[in-house]
Amino acid sequence: MTRILEVCVDSTASALAAREGGADRLELCADLAIGGTTPSLALVEQVKAETGLPVRALLRPRAGDFCYDRWEVAQMVALAAQLVRAGADGIVTGVLTPEGQLDLPAMEQICQAARKAAGCRPVVLALHRAFDVCRDAGACLEQACALGLATILSSGQAADAYTGRAMLAQMQTQAAGRIEILAGSGVSAANIPELVRQTGVTACHLSGKKAVPSRMSFRREGVPMGLPGFDEFTLWQTDAGAIRAARTALDSV
């Protein structure tokens, strides 16, 4: 049985480390420190050129919830097409209504834009962890299938995938091969074997990141540029060793 290892990255350096570690494909985003947002078109083009791996681009206009206003949805529709034209092999996104249901009109617009931009080239559409905060997981899974989505990234509506393994097992059963259930959040080499055995999932998602010190030799302290308490002189990058260990763990099951 084919096992898929997807690595979430937000830089070319991380993408190359993921490839070195044995990733099958990449989810490409920006700003992983805040949960990930849409990557630049230049980053999509560069990562495709440098790695040669399948790249699914995250389509998320901002941090926070997944209930977007009409301006944000319009941006997402336009960006879906632009990301595909830049070389993305897929789009990973999710839009919810205020009531916590999948926003079908918005999702349909995004899917149509991506497919139209792809032309005769296949393009993959995936639902991200908006699924994990939706009101009705079973109904949302059926809607994802009806939309023709290929993947649902999920922690089983829990803080991490291992905690949500019972829900992931239910999702895998309900999916019945119609859609890939991609286990993500807190996934590592240490828990992959048991996670796969207990849920039946065949695809795992992780970032495998480690702290990397800034290359700045001059450092002016006390002038924050972002989130309170965020250290501008510590970067996070994918660790090829962590991905290699995850690859070995996944292939051992």
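Read left to right, the sequence shown gives residues 12 to 264 (the numbering used here).
Glycine residues also receive a C-beta, built at the ideal position from the N, C-alpha and C atoms.
Values in this document were obtained by computation on a predicted structure and should not be read as measured data.
In whole angstroms, give me the CA-to-CA distance for residue i and residue j.
i      : j      : result
Leu70  : Ile102 : 6 Å
Gly32  : Ile254 : 5 Å
Ala137 : Phe229 : 42 Å
Gly167 : Asp35  : 22 Å
Thr49  : Ala257 : 26 Å
Pro3   : Asp80  : It is not possible to answer for residue 3, since the shown part of the chain is limited to 12 through 264.
Gly111 : Gln183 : 22 Å
Leu152 : Leu113 : 10 Å
Leu16  : Ala201 : 14 Å
Ser51  : Ser218 : 19 Å
Arg189 : Ala148 : 16 Å
Could you check which residue in the options has the C-alpha nearest to that of residue i?
i      : options                           : result
His216 : Leu37, Cys156, Thr23 and Leu27    : Leu37
Ala44  : Thr62, Pro109, Arg73 and Ala60    : Arg73
Ala28  : Asp262, Gly252 and Met12          : Gly252
Arg132 : Thr174, Ala26, Asp100 and Gln183  : Asp100
Thr174 : Val207, Ala150 and Thr162         : Val207
Leu84  : Leu107, Arg258 and Val223         : The displayed chain sequence assigns Val, not Leu, to residue 84. If we check each option's Cα against that of Val84, Leu107 comes out closest.
Thr245 : Ala256, Val223 and Ala24          : Val223
Ala169 : Gly130, Asp143 and Ser263         : Asp143
Val264 : Trp247, Gln154, Met227 and Thr213 : Thr213
Phe241 : Asp21, Asp42 and Ser22            : Asp42
Ile203 : Ala260, Arg226, Gly111 and Trp82  : Ala260
Ala129 : Ala97, Glu56, Val18 and Gly63     : Ala97
Thr210 : Gly219, Lys221 and Ala172         : Ala172
Val66  : Gly46, Gly47, Gln86 and Val18     : Val18
Thr249 : Lys127, Ala24, Glu205 and Met12   : Ala24
Taking DSSP as the reference, what is the three-state secondary structure of residue i?
i      : result
Ile45  : helix
Cys145 : coil
Arg14  : coil
Gln133 : The amino acid at residue 133 is misidentified as Gln; the sequence shows Pro. Note: Pro133 maps to coil in three-state DSSP.
Leu238 : coil
Val121 : Per the sequence shown, residue 121 should be read as Ile rather than Val. Helix, per DSSP.
Arg226 : coil
Arg140 : helix
Arg268 : Nothing about residue 268 can be read from this structure; the chain reaches only from 12 to 264.
Thr174 : coil
Thr108 : coil
Leu160 : coil
Ser25  : helix
Val84  : helix
Val264 : coil
Mind checking who residue i pairs with in its DSSP beta bridge?
i      : result
Lys220 : Thr249
Cys215 : Leu16 and Ala194
Ala68  : Leu39 and Ile102
Ser165 : Ala194
Leu113 : Leu107
Consider the Cβ of residue i: report whether some Cβ of chain C lies at a distance smaller than 7 Å.
i      : result
Ala157 : The structure shown contains no chain C; it holds only a single protein chain.
Does the ligand ATP have even one heavy atom less than 6 Å from the beta-carbon of residue i?
i      : result
Ser165 : The ligand ATP is not part of this structure, which contains no ligands at all.
Practice prompt. Check whether the stretch 85-97 touches the stretch 115-129, taking contact to mean three or more Cβ pairs, one atom from each stretch, closer than 8 Å.
Written response: A contact exists between the stretch 85-97 and the stretch 115-129.
Discussion item. Taking 8 Å as the cut-off, does the stretch 164-181 touch the stretch 234-253 (at least 3 CB pairs, one atom from each stretch)?
Written reply: With the cut-off at 8 Å, the stretch 234-253 and the stretch 164-181 do not touch.
Worksheet item: Given 8 Å as the limit, is there contact between the stretch 189-196 and the stretch 163-171, that is, 3 or more CB pairs closer than that?
Response: Contact holds between the stretch 189-196 and the stretch 163-171, because three or more Cβ pairs, one in each stretch, are under 8 Å apart.
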